[in-house]
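Engineer:
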Amino acid sequence: MGEELTCVIGSNQVKDIGSILKDTGKITAADLEKIVGLQQEKGMLFGEAAVYLGILTEEDVKRALSQQFSYPYLGDEKHPIGSELVSVLQPFSNQIEVFRSLRSKLVLSGIGSVLKAVAIVSPNEGDGKTFIAANLAATFAQLGSKTVLVDANFRKPRIHEIFNLKNNCGMSSVIIKRANLAQAVYCTPIPTLHILPAGPQPPNPLELLGWPDTRDIITSLKGMYDVIIVDTPAFSNTADALVVSNLVDGILMLALKGNTRKEAFDNVKKQLKTSAARILGSIINEPDNKKQPKRFKFF
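Heads up: the sequence shown at position 156 corresponds to 169 in the working numbering, and the numbers run straight through without jumps.
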């Protein structure tokens, strides 16, 4: 769907940016010579020299860098991805380092190896669970990990909106056996990232999540993917998130600075600790006007 990516996931050979641009027809041998000459003369980066000379645009350089380091990048032109997916739309910005840092900490915790499924939970709506779940999943996929993002919020699902997908078939459809996983899982412009949307809203979300079939779905996904990121409803509204927490390998607790009350956060933590859930750590979401998280704290 949409814009094709310029990178090749899993490539082991790293070519220099000049060779990539020449091989893809973006520059000629003469252009390459001019750029390298200015680069050596002024001590500039290759991309800076190319843009300075007017041979390439910044967009051309970003695309070449994404190919050089096997990093999915959609660019600035029109695409089907929502603006919240900053890890894909702005992978070279400093704000994305918080997601990479979180990914690294989760890898050290065993995610992607002995642990596969992680749910994002928080006390209230609007804390940023969906935003963080989507970007965290994309960040894992950018490393080449086969990743699936699951929307287990049957009450107010949003994952399908971020990825511009239909929601007429999804997890709820698979649970009640109106579809199988192959029919309900969607591809994205990131080759290693798939989406299992919530599907049609059921009249009994809590009961549906508690069915054995739901656990079977998570188990099946573990056999298909390296990483499973699960978005959940707010703890304050329903017991849905607690049920989901018992289906996954680990939990990330989220608090929104200036909004989440300590008592509410502690209550979520208490409920999780009395269940079979494993708390991997907590995220303090300190959003700016672009809604990106800035700080992580782990237990």
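Where a beta carbon is used, it is the ideal one built from N, C-alpha and C, also for glycine.
Express the C-alpha separation of Asp73 and Met57 in angstroms, rounding to a whole number.
Structural biologist: Here residue 57 is taken as the residue at index 44 of the sequence shown, counted from 1. Here residue 73 is taken as the residue at index 60 of the sequence shown, counted from 1. Whole-angstrom Cα-Cα distance: 17 Å.
Engineer: Within 10 angstroms of the Cβ of Lys270, are there 16 or more other Cβ atoms? Answer buried if so, exposed if not.
Structural biologist: One-based indexing of the sequence shown puts residue 270 at position 257. When all chains shown are included, Lys270 counts as exposed.
Engineer: Let me know the secondary structure DSSP gives Val261 once reduced to three states.
Structural biologist: Residue numbering aside, residue 261 sits at position 248 when the sequence shown is read from its first letter. In this structure, Val261 counts as coil in the three-state DSSP scheme.
Engineer: For Gln196, count the other beta carbons within 10 Å of its own beta carbon; 16 or more makes it buried, fewer makes it exposed. Which is it?
Structural biologist: The residue you call residue 196 lines up with position 183 of the sequence shown. With fewer than 16 other Cβ atoms within 10 Å, it is exposed.
Engineer: Go through its chain and collect everything with a Cβ distance to Val257's Cβ below 7 Å, but skip five positions before and after it.
Structural biologist: Taking the sequence shown and counting its residues from 1, the one referred to as residue 257 is at position 244. Correct list, in chain order: Ala132, Ala165, Leu222, Val243 and Thr245.
Engineer: Kindly give me the distance between the Cβ atoms of Asn7 and Ala277, rounded to whole angstroms, as I take these residues to be in contact under 8 Å.
Structural biologist: Because the chain is modelled from 14 through 312, residue 7 falls outside the range shown and cannot be assessed.
Engineer: Kindly indicate which residue of Ala147, Ile297, Leu260 and Ala268 has the alpha-carbon position closest to the one of Ser288.
Structural biologist: Stepping through the sequence shown from its first residue, residue 288 is reached at position 275. Comparing Cα-Cα distances from Ser288 to each of Ala147, Ile297, Leu260 and Ala268, the minimum goes to Leu260.
Engineer: What separation, rounded to the nearest whole angstrom, lies between the Cα atoms of Ala254 and Lys75?
Structural biologist: Numbered from 1 along the sequence shown, position 241 holds the residue referred to as residue 254. Numbered from 1 along the sequence shown, position 62 holds the residue referred to as residue 75. Using only the alpha carbons, I get a separation of about 39 Å.
Engineer: I'd like to know whether the C-beta atoms of Gly212 and Gly183 end up nearer to each other than 8 Å.
Structural biologist: Your numbering for residue 212 matches position 199 in the sequence shown. Your numbering for residue 183 matches position 170 in the sequence shown. It is a contact, given that the beta carbons lie within the stated cut-off.
Engineer: Mapping DSSP to helix, strand and coil, what is Tyr199?
Structural biologist: Residue mapping note: residue 199 aligns to position 186 of the sequence shown, counting from 1. It is a strand residue.
Engineer: Whole beta strand (DSSP E) runs in the stretch 153 to 209 with 3 or more residues, listed along the chain?
Structural biologist: Segments of the beta strand (DSSP E) lying fully in the stretch 153 to 209: 160 to 164 and 206 to 209.
Engineer: What does a CB cutoff of less than 6 Å around Asp140 pick up in its chain, not counting 5 residues either side in sequence?
Structural biologist: Position 127 of the sequence shown holds residue 140. Closer than 6 Å at the Cβ level, and outside the excluded window around Asp140, lie Leu267 and Leu269.
Engineer: Roughly how many whole angstroms lie between the Cα atoms of Val9 and Leu102?
Structural biologist: What is shown of the chain runs 14 to 312, which leaves residue 9 out entirely.
Engineer: Could you give the distance in angstroms between the alpha-carbon of Ile40 and the alpha-carbon of Thr232?
Structural biologist: The sequence position of residue 40 within the sequence shown is 27, counting from 1. The sequence position of residue 232 within the sequence shown is 219, counting from 1. Going by the C-alpha atoms only, they are around 49 Å apart.
Engineer: Using only the alpha-carbon positions, how far apart do Asn272 and Ile296 sit?
Structural biologist: Taking the first residue of the sequence shown as 1, we reach residue 272 at position 259. Taking the first residue of the sequence shown as 1, we reach residue 296 at position 283. So the alpha carbons of these two residues sit roughly 14 Å apart.
Engineer: Just mark Glu90 as buried or exposed, buried being the case when its beta carbon has 16 or more other beta carbons within 10 Å.
Structural biologist: Start at 1 with the first residue of the sequence shown, and residue 90 comes out as number 77. For Glu90, the predicted model reports a pLDDT of 48, less than 50, meaning its position is unreliable and no value from the coordinates is stated.
Engineer: From Leu209 to Ala192, what does the alpha carbon distance come to, in whole angstroms?
Structural biologist: Residue mapping note: residue 209 aligns to position 196 of the sequence shown, counting from 1. Residue mapping note: residue 192 aligns to position 179 of the sequence shown, counting from 1. Distance between the alpha carbons of Leu209 and Ala192: 12 Å.
Engineer: Under a three-way DSSP split, which group does Ala211 fall into?
Structural biologist: Stepping through the sequence shown from its first residue, residue 211 is reached at position 198. Looking at Ala211 - three-state DSSP - the assignment turns out to be coil, as it is neither helix nor strand.
Engineer: Rounded to whole angstroms, what is the Cα-Cα separation between Gly38 and Ser32?
Structural biologist: Indexing the sequence shown from 1 puts residue 38 at position 25. Indexing the sequence shown from 1 puts residue 32 at position 19. The straight-line gap from Cα to Cα measures roughly 10 Å.
Engineer: Keeping to the same chain, check which residues put their C-beta closer than 7 Å to that of Leu285; ignore five residues upstream and five downstream.
Structural biologist: Taking the sequence shown and counting its residues from 1, the one referred to as residue 285 is at position 272. These residues qualify, in order along the chain: Ser258, Ile264 and Ile292.
Engineer: According to DSSP, is Ile68 part of a helix, a strand, or is it coil?
Structural biologist: Position 55 of the sequence shown holds residue 68. Ile68 falls in the coil class under three-state DSSP.
Engineer: Considering Asp140, what are the terminal residues of the beta strand (DSSP E) in which it resides?
Structural biologist: Residue numbering aside, residue 140 sits at position 127 when the sequence shown is read from its first letter. From DSSP, Asp140 is part of no beta strand (DSSP E); its letter is neither H nor E.
Engineer: Just the Cα atoms here: how many angstroms apart are Asp226 and Gln52?
Structural biologist: As a position in the sequence shown, residue 226 is number 213, starting the count at 1. As a position in the sequence shown, residue 52 is number 39, starting the count at 1. Taking the straight line from one Cα to the other gives about 60 Å.
Engineer: What does the alpha-carbon distance come out to for the pair Lys179 and Cys200?
Structural biologist: On the sequence shown, residue 179 is found 166 positions in, with the first residue counted as 1. On the sequence shown, residue 200 is found 187 positions in, with the first residue counted as 1. Their backbone Cα atoms lie some 12 Å apart in a straight line.
Engineer: Which value, in whole angstroms, describes the spacing of the CA atoms of Gly123 and Val281?
Structural biologist: Along the sequence shown, one-based indexing puts residue 123 at 110. Along the sequence shown, one-based indexing puts residue 281 at 268. Taking the straight line joining both Cα atoms gives about 23 Å.
Engineer: How long is the line joining the alpha carbons of Ile241 and Asp229, rounded to whole angstroms?
Structural biologist: Within the sequence shown, residue 241 is the residue found at index 228, counting from 1. Within the sequence shown, residue 229 is the residue found at index 216, counting from 1. Each residue's Cα considered, the two are about 14 Å apart.
Engineer: Are Ile109 and Ala147 closer than 8 Å when you measure CB to CB?
Structural biologist: For the purposes of this step, residue 109 is taken as residue 96 along the sequence shown, with counting starting at 1. For the purposes of this step, residue 147 is taken as residue 134 along the sequence shown, with counting starting at 1. Their beta carbons are not under 8 Å apart, which means Ile109 does not touch Ala147 by this criterion.
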